[in-house]
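This report refers to the structure that appears directly beneath it.
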Amino acid sequence: MEVFTNLATGFAVALTATNLLYAFVGVLLGTLIGVLPGIGPVPTIAMLLPITYALPPVSALIMLAGIYYGAQYGGSTTAILVNLPGESSSVVTCIDGYQMARRGRAGTALAIAAIGSFIAGTFATMVVAAFAPPLAEVALKFGPAEYFSLMVLGLIAAVVLASGSLVKAIGMIVLGLLLGLVGTDVNSGLQRFTFGVPELSDGIGFVAIAMGVFGFAEIIVNLEHREASEVFTNKVSGLWLKWKEFRQALPAIARGTLLGSSLGILPGGGALLSAFAAYTLEKKVAKDPSQFGKGAIQGVAGPESANNAGAQTSFIPLLTLGIPPNAVMALMVGAMTIHSIQPGPQVMTSNPQLFWGLIASMWIGNLMLVVLNLPMIGIWVKLLQVPYRLLYPAILLFCCIGVYSLQNNVWDVFVTALFGLIGWIFVKLECEPAPLLLGFILGPLMEENLRRALLLSRGDPSVFVTRPLSATLLGVAALLLLIVAAPQIRRKREEAFHEA
Amino acid sequence: MALIRHPKDFWAGVLFIAFGGAACVIALDYAMGTAGRMGPGYFPRVLGLLLCGLGAILVVRSFTLRGAPIAFPTFKPILIVLASVVLFGLVVTRLGLVIATIVLVAVSSMASHEYRPRESILAAIGLAAFVVVAFRYGLNLQLPTWPTAFGG
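Those protein sequences? They're chains A and B, same order as listed.
Per my numbering, residue -18 is the first one in the first sequence, and the count goes up by one each step.
Per my numbering, residue 26 is the first one in the second sequence, and the count goes up by one each step.
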């Protein structure tokens, strides 16, 4: 099997002392920021981007990847013990995880989250190893029409994940696409939407938008609410599970892993979408759905496995197509370009050491996380006792320094503040920021591929449906849209009925 | 305001129309081109129109759908947090990282409802020391640390 020789190459790279060290640093940092509410992998990776200049490319990517999936582990700890999502993908873990903690089963919840994540991580690593090479070959056949349709599918998938109104989510995507167009147009060299500001000729900084909309806006909204959460610090005892509990959770872990692995591959997917979908699925297949929200172990096991699997397989579109499916992957593109590696299907052949080394390191990182975190939970719990009034100024500070140090330009700090304000308005209006960010990432890529596709077809838009691959992708997108739209129509009717 | 029954949707729609309309108007200056040879104005105009359309749907819908009012419990956090960040930006280039850090932490701390002045000053000084050690010397980031008069 070629996969195994490839994996052997990968492990040879990942098991060197340097790379083990960077994987360790990555997962440790990832867990730390995962535990802390209000700071996610995006600002952390952005902050560390400048220092990866000095590292060899493999080590840099191994460390940054570790931060991402490490954060998925850490986020669950906070969700279970404080009822705050340490990470956005742990939002659903709060529901049943916190209830388990309130019923004195915090240890069980933490253990099942860690074990589920590990099983999912192991499986997802295999998925990446097995599916990335054939997908990269398909990707080599992709023309601009296929790329465009794939991105449409990804954006529609992002709408599915947005919990609120469908129209608002699509609006946020379009707004993101527009923001992504700010800067110099690659084809004509024209400065678009720059208002004569030289800093805008390279576009709005992605990190500035992400930190403003996610970091700052979240801190501000947190400060508006006064109520303090109870921390179940003393009740963490018996970090192991009974066999019966494990048997209960195992099918949920399996379902979450499969769901997360497949949703992670979609552009627009990743950890957050996977976790939400897994929770919904668990609730649907459960024999007794009334247990959900009251501390059902499946409600922790499913989403926690899914978010870890999704975090890992979301590397597939990046490594095989060169399309970043989410914000973290967009930063990975940044890290790769720093080392003059062009992400895309050619990475695997031109840089096999990097490709397989990164994949092997994911499994090693997952192993480290389980070994580290089960005994170290006590330390993370201590960290959670730091009051928010001391925590948020520090987070603000690190965000500011991170944004500033990217280009040594305070312009980015001011842009971040502006997007903090915009993000806060969005929260008030219940507009989800995640689709906006995805639109922003994909905006320039989409325009480029739309232009090329229509140039090749001499302006005939039917290329998107006459090429079979492109038509399939668009068909799936249309189907997804129909599925989400249907219950909304029903709900609207109900509301109208209710008012009449 | 009995007319607008879903204020969140209404204002989100207004925002979308404003952004989409602005994009369309600005993009009028960019060459449109044809579908086969798209100019730089083509994609922005399509997106701008789409955004206006979506905004219009939201606005129209807000007259029939019912929704909760927009909640503004307090404006203190948004004002203080944003002000502290802008201050950081203004101070850091002129007076260096140490003073900017102290200003940012001391000012932003006031946004909390359990603000403790003495504690926040201590935290500011502690973080400033940490930042210098970790970022300036540990990670070797090339940032101005002290006011330039003291020799940068």
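Glycine included, every Cβ here is placed at the ideal spot set by N, Cα and C.
Span of the alpha helix (DSSP H) holding Pro69 (chain B)?
-> 67 to 86
Per DSSP, which residues does Arg173 (chain A) bridge with? Please list them.
-> A:Gly164
Measuring alpha carbon to alpha carbon, tell me which of B:Arg30, B:Leu72, B:Phe35 ends up nearest Leu160 (chain A).
-> B:Leu72
State yes or no: is the C-beta of Leu455 (chain A) within less than 8 Å of the C-beta of Ser146 (chain A)?
-> no
For chain A, find out if any of its Cβ atoms is closer than 8 Å to the Cβ of Trp36 (chain B); answer yes or no.
-> yes
Given a limit of 8 Å on CB to CB distance, which residues of the stretch 378 to 402 of chain A reach chain B?
-> Leu378, Cys381, Ile382, Tyr385, Ser386, Asn389, Val391, Val394, Phe395, Thr397, Ala398, Gly401, Leu402
What is the rounded straight-line gap between the Cα of Gly280 (chain A) and the Cα of Leu254 (chain A)?
-> 15 Å
Kindly list the residues whose CB is nearer than 6 Å to the CB of Thr12 (chain A), restricted to its own chain and excluding five residues on each side of it in sequence; keep chain order.
-> Gly51, Tyr54, Gly55
Give the residues of chain A in contact with His126 (chain B), contact being defined as C-beta atoms less than 7 Å apart.
-> His is not the amino acid found at residue 126 (chain B); the sequence shown has Thr there. Going along chain A in sequence order, the residues near Thr126 (chain B) (Cβ under 7 Å) are Leu378.
Among residues of its own chain, excluding the 5 on either side of Phe407 (chain A), which ones have a beta-carbon nearer than 8 Å to its beta-carbon?
-> Met153, Val194, Ala198, Glu413, Pro414, Leu417
When the cut-off is 8 Å and only beta carbons count, does Gly176 (chain B) lie next to chain A?
-> Legend: pLDDT at Gly176 (chain B) = 47, less than 50; position of this residue unreliable, value from coordinates given subsequently. No - not a single Cβ of chain A is within 8 Å of the one on Gly176 (chain B).
DSSP on His479 (chain A), reduced to helix/strand/coil?
-> Here the model assigns His479 (chain A) a pLDDT of 44, short of 50, so the residue's position is not dependable and the matter cannot be decided.
Exposure of Asp441 (chain A), with buried meaning 16 or more beta-carbon neighbours within 10 Å | exposed
How about Glu476 (chain A): is its C-beta nearer than 8 Å to some C-beta of chain B?
-> Legend: pLDDT at Glu476 (chain A) = 49, less than 50; position of this residue unreliable, no value from coordinates given.
Considering only residues of the same chain and omitting the five flanking positions on each side of Ile100 (chain A), which have a CB-CB separation below 7 Å?
-> Ile234, Thr238, Ser286
By Cβ distance, which residues of its chain are closer than 6 Å to Pro77 (chain A), with the 5 residues on each side in sequence left out?
-> According to the sequence displayed, residue 77 (chain A) carries Asp and not Pro. Gly276, Ala277, Gly280, Val281.
Using a Cβ-Cβ distance under 8 Å, would Ala458 (chain A) count as near chain B?
-> no
Residues, ordered as in the chain, of the stretch 174 to 205 of chain A that lie near chain B by beta-carbon distance below 7 Å | Phe174, Phe197, Ile200, Ile201, Leu204, Glu205
Going along chain A, which residues have a C-beta under 8 Å from Gly121 (chain B)?
-> Neighbours of Gly121 (chain B) on chain A: none; closest Cβ ~12 Å, over 8 Å.
Please name the residue or residues paired with Gly58 (chain B) in a DSSP beta bridge.
-> B:Met63
Best match in B:Gly66, B:Ala48, B:Val50, B:Cys49 for proximity to Ala56 (chain B) [C-alpha to C-alpha] | B:Gly66
Kindly indicate which three-state DSSP category Cys412 (chain A) falls into: helix, strand or coil?
-> coil
Of the choices A:Gly283, A:Tyr369, A:Asn168, A:Leu377, whose alpha-carbon is the least far from that of Ile93 (chain A)?
-> A:Gly283
Could you confirm whether any beta carbon from chain A is found closer than 8 Å to the beta carbon of Phe160 (chain B)?
-> yes
Put Gly176 (chain B) into one of helix, strand or coil per three-state DSSP.
-> Note that Gly176 (chain B) has pLDDT 47, beneath the 50 cutoff, so the model's placement of it is unreliable and no number is given.
Would you mind sorting Lys265 (chain A) into buried or exposed? The rule is 16 or more other CB atoms within 10 Å of its CB.
-> exposed
Per-residue DSSP class, three states only, for Ala(-2) (chain A) | helix
is_contact[Phe88 (chain B), chain A] using C-beta, thresh 8 Å | no
Segments of 4+ residues assigned as alpha helix (DSSP H) that fall wholly inside the stretch 327 to 400 of chain A = 328 to 331, 333 to 365, 369 to 388
Measure the alpha-carbon distance for Trp405 (chain A) versus Gly157 (chain A) and round it to whole angstroms.
-> 16 Å
With a CB to CB cut of under 6 Å and the five nearest residues on each side skipped, what residues in its chain are close to Leu10 (chain A)?
-> Ile48
Span of the alpha helix (DSSP H) around Tyr54 (chain A) = 38 to 63
Does the distance from the CB of Gly245 (chain A) to the CB of Ser295 (chain A) come in under 8 Å?
-> yes
Alpha carbon of Phe104 (chain A) to alpha carbon of Ile201 (chain A), nearest angstrom | 38 Å
What residues of chain B sit near Leu335 (chain A), judged by a beta carbon separation below 8 Å?
-> Ordered by position in chain B, no residue passes the 8 Å Cβ test against Leu335 (chain A), which lies about 23 Å from the chain.
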